[in-house]
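Quick note: the sequence shown, position 200, residue 200 per my numbering, numbers continuous.
Quick reminder that beta carbons are idealized off the backbone N, C-alpha and C, glycines included.
Just so it is clear, the structure is predicted and the values come from calculations on it, not from any experiment.
Comments concern the structure below.
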Amino acid sequence: MNKAVLAVYPAPKGHWVGDGFPVRSLFSYDQLGGQVSPFLLLDYAGPAVFTPATRPRGVGEHPHRGFETVTIVYQGEVAHRDSAGHSGVIGPGDVQWMTAAAGILHDEFHSPAFTRRGGTLEMAQLWVNLPAGHKMSPPRYQSLLAAHIPHVSLPSGAGSLRVIAGNHAGQRGAAATFTELNVWDVRLSAEKSVTLSVPENHGAAIAVLRGAITVNGSREAREAELVLLDRRGGEIAVTAAADSTLLVLSGAPIAEPIAGYGPFVMNTRQELETAMNDFRLGRFGYLPAPDFKNFGAG
């Protein structure tokens with residue numbers, strides 16, 4: 001039985017996050033609530049062309065508590081630093097899975113090399129909720145390089161699927177997760193079809209980043225549109241009208257209240273107030289100011 005399509009949401013208007021990420025928010029928890037649980041938000045950045053520069057563009061220091069951020073790079077390079085001492089650069093095909101949990105400060109900029117040479121930036125950032133029992137866990141950082149993410153060829157030469165998290169066709173994903181979920185990077189060739197198997201109890205969604213598809217033979221979706229699917233049923237039939245890049249998400253819902261304010265996602269208003277107070281009191285750690293001196297040299 002196919003998972004029924006509940007809705008196809010049109011491409012949203014774009015906005016800037018800092019000066020480095022022109023994004024479109026394909027969904028957020030205040031819009032769709034429990035229908036996309038355990039996922040909270042999906043921003044799709046680009047594709048956007050940046051000219052060479054001597055100072056990196058991006059987003060400066062900011063906090064998070066109560067969830068995880070997952071950054072997937074398709075083109076360009078992004079550099080990350082956080083108050084737990086983690087840092088790194090991810091490029092095409094790489095994924096950064098940051099568990100903010102009890103609280104973290106971080107910044108995200110175009111990498112030094114990408115800043116100097118310029119080019120096209122395309123990426124997605126997904127927010128994943130944590131259940132109450134893990135919201136105050138220690139922060140964690142997973143750098144998932146493209147070479148370490150399982151790659152599955154789809155039947156009949158239809159395309160490919162990368163198992164960032166979860167399970168597909170016996171291949172376990174690269175990311176360690178707190179709850180049962182799937183995050184799949186799917187490339188489907190024009191005029192090809194695939195049937196994806198997803199657990200019966202999972203809510204599911206397909207974000208069309210590039211291309212155009214038909215789901216279950218009837219509902220069409222194009223670039224930057226979101227297909228929301230029912231929890232009932234265990235299969236999703238997808239046909240591509242053009243070469244398509246899809247982010248397929250599914251997961252067992254977290255049956256808990258959501259209380260969110262900006263970069264904090266907790267269960268109650270009191271927990272939100274505690275998070276804001278802890279941030280003001282410096283309890284999220286310390287992140288040194290970025291050193292941009294002589295950045296353009298070399």
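Residue from the options with nearest C-alpha to residue i
{"i": "residue 193", "options": "261, 237, 112", "result": "237"}
{"i": "residue 136", "options": "85, 278, 229", "result": "278"}
{"i": "residue 80", "options": "15, 142, 138", "result": "142"}
{"i": "residue 86", "options": "67, 72, 108", "result": "108"}
{"i": "residue 133", "options": "202, 254, 93", "result": "254"}
{"i": "residue 162", "options": "105, 188, 223, 139", "result": "188"}
{"i": "residue 185", "options": "249, 257, 219", "result": "249"}
{"i": "residue 225", "options": "70, 120, 208", "result": "208"}
{"i": "residue 232", "options": "252, 242, 222", "result": "252"}
{"i": "residue 247", "options": "98, 51, 93", "result": "93"}
{"i": "residue 285", "options": "271, 55, 103", "result": "103"}
{"i": "residue 36", "options": "159, 229, 292", "result": "229"}
{"i": "residue 154", "options": "20, 83, 196", "result": "196"}
{"i": "residue 203", "options": "190, 220, 234", "result": "234"}
{"i": "residue 138", "options": "99, 51, 19, 34", "result": "99"}
Residue environment, residue i, which counts as buried when at least 16 other CB atoms sit within 10 Å
{"i": "residue 125", "result": "buried"}
{"i": "residue 16", "result": "exposed"}
{"i": "residue 49", "result": "exposed"}
{"i": "residue 322", "result": "Beyond the ends of the chain as shown, which are 1 and 298, falls residue 322; an answer cannot be given."}
{"i": "residue 298", "result": "Note that residue 298 scores 32 on pLDDT, short of 50, meaning its location in the model is unreliable; the coordinates nonetheless yield the value given after this. It counts as exposed."}
{"i": "residue 67", "result": "buried"}
{"i": "residue 38", "result": "buried"}
{"i": "residue 30", "result": "exposed"}
{"i": "residue 63", "result": "buried"}
{"i": "residue 77", "result": "buried"}
{"i": "residue 65", "result": "buried"}
{"i": "residue 282", "result": "exposed"}
{"i": "residue 74", "result": "buried"}
{"i": "residue 244", "result": "buried"}
{"i": "residue 13", "result": "exposed"}
{"i": "residue 264", "result": "buried"}
{"i": "residue 201", "result": "exposed"}
{"i": "residue 148", "result": "exposed"}
{"i": "residue 7", "result": "exposed"}
{"i": "residue 289", "result": "exposed"}
{"i": "residue 10", "result": "exposed"}
{"i": "residue 82", "result": "buried"}
Inter-residue CB distance, residue i and residue j (contact presumed, cutoff 8 Å)
{"i": "residue 215", "j": "residue 198", "result": "Not really, about 12 Å apart at Cβ, beyond 8 Å."}
{"i": "residue 158", "j": "residue 190", "result": "Not quite, the Cβ-Cβ distance comes to about 10 Å (not below 8 Å), so this is no contact."}
- Query: Does the stretch 8-26 touch the stretch 41-51, meaning 3 or more C-beta pairs lie closer than 8 Å?
  - Reply: yes
- Write down every uninterrupted run of the beta strand (DSSP E) in the stretch 87-146 whose length is 3 residues or greater and which is fully enclosed by it, in chain order. 87-90, 95-99, 104-110, 119-129, 140-144
- Task: Let me know the beta strand (DSSP E) ranges lying completely inside the stretch 174-216, each 3 residues or longer, listed in chain order.
- Result: 181-188, 193-197, 203-215
- Secondary structure, alpha helix (DSSP H): runs of 4+ residues fully inside the stretch 26-93: 29-32
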